[in-house]
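Residue numbers (the working numbering), protein chains in the order written: chain A, 75 to 188; chain B, 17 to 129.
Quick reminder that beta carbons are idealized off the backbone N, C-alpha and C, glycines included.
The block underneath contains the structure these notes are about, expressed in structure tokens.
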Amino acid sequence: DQQVKQNSPSLSVQEGRISILNCDYTNSMFDYFLWYKKYPAEGPTFLISISSIKDKNEDGRFTVFLNKSAKHLSLHIVPSQPGDSAVYFCAAKAGAGNTGKLIFGQGTTLQVKP
Amino acid sequence: EAGVAQSPRYKIIEKRQSVAFWCNPISGHATLYWYQQILGQGPKLLIQFQNNGVVDDSQLPKDRFSAERLKGVDSTLKIQPAKLEDSAVYLCASSYGLPTEAFFGQGTRLTVV
């Protein structure tokens, strides 16, 4: 069963516009959510996160929104830049403390066109 | 600060052969994770170590996969015998403790033919 889903395999936007990446989850016990960015031939790198007690977290051009009632989170990138072209994974933490683990979505490939 | 080191970067083997991957975590990181990322999917946790003890190996196919972390530092992941469906990128990550603070290595791309 896919507990974390990214239903859009790919997204293409124009440079300077907003990119919106979406993620849905099924387990209401998840208490922390993260977004990772992955370039080809590299490992995922942490981008931004949000606790389940919040509904928004912002870091520069990146903002993550969490809608707990809908079990939905989204990542907004404004303005989008060609260097943002990568695969984006959302992940949710299950379990407490050091024994918790991350469950990843399938990823969305973002292409930002100059 | 040096990152998580993995080797080899790429490996091609025939089915039924064995293969081993190596991971050197960030210095001081007690927790080490091995993930499997199949093309088109997100990383899936195979095994998690806390120092040299196993915390979670619930998704490790134990009939063919094994992992160890001797002395609580480096780790090896082995597959024997390999199947075609084992073709994937194997990612190692480490953290001081929390999975939300983990850093990932570049991964080993395994192709089983």
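For the pair A/N101 and A/Q77, the CB atoms are nearer than the 8 Å cut-off. Taking 8 Å as the threshold, the shortest C-beta distance from B/G121 to chain A falls below it. Residues of chain A with a Cβ closer than 7 Å to the Cβ of B/Q64 are, in chain order, K175.
By the Cβ criterion, the stretch 92-110 of chain A is in contact with the stretch 142-150 of chain A, since at least three pairs of Cβ atoms, one from each stretch, lie closer than 8 Å. DSSP places B/N68 in the coil class of the three-state scheme, outside both helix and strand.
The Cβ atoms of A/F104 and B/P59 do not sit closer than 8 Å to each other.
Boundaries of the beta strand (DSSP E) harbouring A/E132: K130 to D133, taken from the DSSP string. When Cβ-Cβ separations below 8 Å define contact, A/K142 makes no contact with chain B. In this chain, the beta strand (DSSP E) harbouring B/Y49 covers T47 to Q53. The beta-carbon of A/N172 is placed less than 8 Å from the nearest beta-carbon of chain B.
In this structure B/A104 is not in contact with B/S110, their Cβ atoms being roughly 20 Å apart against a cut-off of 8 Å.
Distance from the Cα of A/F163 is smallest, within the candidate group B/A46, B/Q57, B/K99 and B/W38, for B/Q57. Residue contact with chain B for A/E116: present (Cβ-Cβ distance below 8 Å to some residue of chain B). For A/Q185, the enclosing beta strand (DSSP E) covers residues T182 to K187.
When the alpha-carbon of B/D90 is set against those of B/Q64, B/S34, B/K31 and B/V129, the nearest one is in B/Q64. Around the beta carbon of A/G90, fewer than 16 other beta carbons lie within 10 angstroms, which makes this residue exposed. Using a Cβ-Cβ cut-off of 8 Å, A/Q180 counts as an interface residue toward chain B, since at least one Cβ of chain B sits closer than that to its own. Identification of chain B residues near A/S123 by a Cβ-Cβ cut-off of 9 Å yields T116, ordered along the chain. Contact annotation: B/G123 and B/Y106 have beta-carbon atoms nearer than 8 Å.
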